[in-house]
Every structure is written in structure tokens, then in C-alpha cells.
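S.K.: Sharing a structure below in C-alpha cells format, with a few things to ask.
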Amino acid sequence: MRTARGRACRMCSTAVPAPGRGRPALYCSRSCQAKAYRRRKQPPAPAAERTVTPGAPSRRRRQIAEALWRIAAERGLHAASLREVAAEAGVSLRAVQYHFASKHRLLVDALHLLHEENERIARSRIRFDATDPRALLRAVLDEFLPVDAQRTTALRVFAAYYARSLTDPELAEVFLPADQPLERLVAELIATAQHDGGTAAGLDPGREADLLVSGAVGLGQDVLHRRRTLEDVRRTLDYHLDKIFAGDRRTLR
Numbered sequence: 309m310r311t312a313r314g315r316a317c318r319m320c321s322t323a324v325p326a327p328g329r330g331r332p333a334l335y336c337s338r339s340c341q342a343k344a345y346r347r348r349k350q351p352p353a354p355a356a357e358r359t360v361t362p363g364a365p366s367r368r369r370r371q372i373a374e375a376l377w378r379i380a381a382e383r384g385l386h387a388a389s390l391r392e393v394a395a396e397a398g399v400s401l402r403a404v405q406y407h408f409a410s411k412h413r414l415l416v417d418a419l420h421l422l423h424e425e426n427e428r429i430a431r432s433r434i435r436f437d438a439t440d441p442r443a444l445l446r447a448v449l450d451e452f453l454p455v456d457a458q459r460t461t462a463l464r465v466f467a468a469y470y471a472r473s474l475t476d477p478e479l480a481e482v483f484l485p486a487d488q489p490l491e492r493l494v495a496e497l498i499a500t501a502q503h504d505g506g507t508a509a510g511l512d513p514g515r516e517a518d519l520l521v522s523g524a525v526g527l528g529q530d531v532l533h534r535r536r537t538l539e540d541v542r543r544t545l546d547y548h549l550d551k552i553f554a555g556d557r558r559t560l561r
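Below, the structure written as C-alpha cells:
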């Protein structure tokens with residue numbers, strides 16, 4: 309692609325001055341050249357995670373949101389200027405501004421998309437077996453831990469959003485919805501097992517859910533910081549699950 313002044317940068321589409329002699333430059337700066345190198349080294353996302361469903365965001369909007377996620381995970385949200393996001397996504401700044409009216413709109417919409425993506429992937433991973441509530445609850449808690457690359461990146465992005473949400477009410481509303489769906493799901497699983505006589509006596513499912521979710525999230529962050537190992541965190545969660553399901557004969561050793 310050429311512009312009036314020469315070629316356009318392959319990463320951000322900024323005009324690259326025509327050289328006086330020698331081979332023409334492909335990038336406008338060393339920063340864009342480094343981003344292009346990282347992109348070539350980065351393996352493509354699995355095909356299952358690129359499936360387009362009815363009502364899904366446009367390919368370009370998703371491409372831009374994914375670029376924001378990568379920047380947030382690697383450098384934090386403070387580094388995610390519209391120009392940096394455009395360079396990371398390999399699109400022009402004008403394209404980002406076309407799909408997202410402002411940086412704040414991009415932050416909010418990208419967080420919505422991340423929630424939707426995580427829920428979709430989690431549903432495909434978790435086997436909902438109502439006959440084994442403990443195993444089901446264990447699988448749900450694993451979604452809060454950096455078990456693989458996808459969950460590790462998502463947790464790092466959420467951590468980047470956390471500090472910002474403390475001073476941004478609109479982000480906070482997306483980041484921590486008032487109806488607390490995760491806690492409610494965990495409480496419902498415990499309550500169902502309790503109704504069937506599969507838990508210890510006298511439990512408050514809502515309080516137990518609060519402890520489990522907050523504990524799993526906090527322990528997951530410890531794994532990201534390398535303060536704890538994934539195996540140690542899983543043993544801690546299993547310890548609490550054993551206490552909850554103490555009345556279930558299937559958990560007795």
C-alpha cells in the first residue's frame with residue numbers, strides 16, 4: 309500500500325517517507341517493527357475460539373478488543389491508548405475511532421466482550437452433571453484460576469481493569485455486576501446439594517459462595533504473582549469443598 313508520501317506502515321498505516329535510496333521501509337518506527345515481530349511469533353487463536361455466532365460483534369471490533377486485551381495483560385490499561393491499540397490490532401487509528409467513539413467506550417465495550425467470551429468458553433468446558441454437584445462446583449472454581457493460557461490472559465486483563473473500576477462507575481457496573489451472577493451460581497449449586505442431603509449441616513449457601521468465589525479469585529491472583537503454585541491453591545479449594553460436602557458419602561475416603 310502506498311500513500312502520497314510513500315508507503316504506509318504495515319502495522320498502523322502511518323505514512324512512511326519514501327527513501328532516498330535502498331529498500332523502502334515497511335514500518336514507521338522500531339515500535340511498530342517490534343509489534344509486527346511479536347505478532348508473527350504469536351500462535352493463532354484456536355479455531356473454536358474464533359467461531360462467529362449470531363449477534364456476535366463484527367470481526368474488526370473483535371480484532372480491536374483483542375488487541376486491547378493483549379496490551380492490558382502485558383502492560384496494563386494505562387498503556388492502551390487508541391494509537392497503541394490500533395498498532396497492536398494492525399489497523400488504522402481511524403478504524404478504531406470508527407468502531408469505538410472514545411477510549412472509554414472501547415474500555416467498556418471490550419470488557420463486555422471479554423465477559424461474553426469467558427462465559428462462552430466456560431460453558432463449552434464445564435460438564436454440567438447435576439448428579440455430582442461437588443465436581444461441578446470444582447469445575448466452576450477452576451474458571452477463576454490461571455489453569456491455561458486463555459484463563460491466565462483473562463485474569464490478567466481483569467486485574468488491569470480492577471484498579472480502573474474503583475474510580476469509574478460505568479466500568480465498575482460491568483466489572484462487578486450488582487446481581488453477582490458468579491456468587492449466585494455457586495450458592496445455587498451448594499443449595500441444591502444441601503437440599504439433597506449432600507452437604508454438612510447448618511450451611512448458609514450464600515455465605516459459603518461468597519467465601520469460595522472471593523477465595524478462588526484471590527488465590528488465582530497469588531498464582532499469577534507466583535506467590536503460590538496452582539497445585540497448592542487447588543488443595544486449598546479442595547479442603548474447603550471437603551468441609552462443605554462433608555455429609556456426602558461420595559466425598560468420604
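Residues 309 to 561 in this note's numbering are what the sequence shown spells out, letter by letter. Quick reminder that beta carbons are idealized off the backbone N, C-alpha and C, glycines included.
With DSSP run on the structure shown, which of helix, strand or coil describes A486?
M.R.: In this structure, A486 counts as coil in the three-state DSSP scheme.
S.K.: Could you tell me the alpha carbon to alpha carbon distance between T461 and E396, rounded to whole angstroms?
M.R.: Cα-Cα distance, rounded: 16 Å.
S.K.: Distance check for A524 and V541, CA to CA, integer angstroms please.
M.R.: In a straight line, the C-alpha of V541 is about 8 Å away from that of A524.
S.K.: Take S366 and list the residues in its own chain whose beta-carbon comes closer than 8 Å to its own, dropping the five residues that flank it on each side.
M.R.: The residues are H407.
S.K.: Could you please give the first and the last residue of the uninterrupted alpha helix (DSSP H) stretch that includes D476?
M.R.: It is not in any alpha helix (DSSP H) - D476 carries neither H nor E in the DSSP assignment.
S.K.: What separation, rounded to the nearest whole angstrom, lies between the Cα atoms of R383 and P441?
M.R.: When rounded, the distance between both Cα atoms is 39 Å.
S.K.: Helix, strand or coil for A323 per DSSP?
M.R.: A323: strand per DSSP, three-state reduction.
S.K.: Determine the burial state of L490: buried for a count of at least 16 other Cβ atoms within 10 Å of its Cβ, exposed for fewer.
M.R.: Answer is buried; the Cβ neighbour count reaches 16.
S.K.: So, with DSSP's three-state summary, where would you put A409?
M.R.: If DSSP states are grouped into helix, strand and coil, A409 belongs with coil.
S.K.: Any idea what DSSP makes of A316, helix, strand or coil?
M.R.: Strand.
S.K.: Does the pairing of the region 468-485 with the region 448-459 give three or more beta-carbon distances under 8 Å?
M.R.: Flag = no, the region 468-485 and the region 448-459 do not touch.
S.K.: Starting from P441, trace the alpha helix (DSSP H) both ways and give me its first and last residue.
M.R.: Where P441 is concerned, the enclosing alpha helix (DSSP H) stretches over P441 to D450.
S.K.: Would A430 and D437 qualify as a contact pair, given that the criterion is a beta-carbon distance under 8 Å?
M.R.: Cβ atoms of A430 and D437: not closer than 8 Å.
S.K.: Using the rule of at least 16 other Cβ atoms within 10 Å of the residue's Cβ for burial, across every protein chain shown, is P513 buried or exposed?
M.R.: Flag for P513 reads buried.
S.K.: What are the start and end residues of the alpha helix (DSSP H) that includes H533?
M.R.: Unbroken run through H533: none, as it is neither H nor E.
S.K.: Does the region 502-509 come close enough to the region 517-533 to have 3 or more Cβ pairs within less than 8 Å?
M.R.: Counting Cβ pairs under 8 Å, fewer than three are found: no touch.
S.K.: Which term fits P454, buried or exposed, when burial requires 16 or more other beta carbons within 10 angstroms of its beta carbon?
M.R.: By the 10 Å Cβ count, P454 comes out buried.
S.K.: Which residue from L415, Q405 and V399 puts its Cα closest to that of A388?
M.R.: For the residues L415, Q405 and V399, the minimum Cα distance to A388 belongs to L415.
S.K.: Report the residue from R464, S337 and R368 whose alpha carbon sits nearest the alpha carbon of R378.
M.R.: Out of R464, S337 and R368, R464 has the C-alpha closest to the C-alpha of R378.
S.K.: Look up L519 in the DSSP assignment and say whether it is helix, strand or coil.
M.R.: Here L519 sits in helix by DSSP.
S.K.: Output the distance between the C-alpha atoms of R435 and L484, rounded to the nearest integer angstrom.
M.R.: Distance between the alpha carbons of R435 and L484: 25 Å.
S.K.: Just verifying my parser: in three-state terms, what is the DSSP assignment at S432?
M.R.: Correct three-state label for S432: helix.
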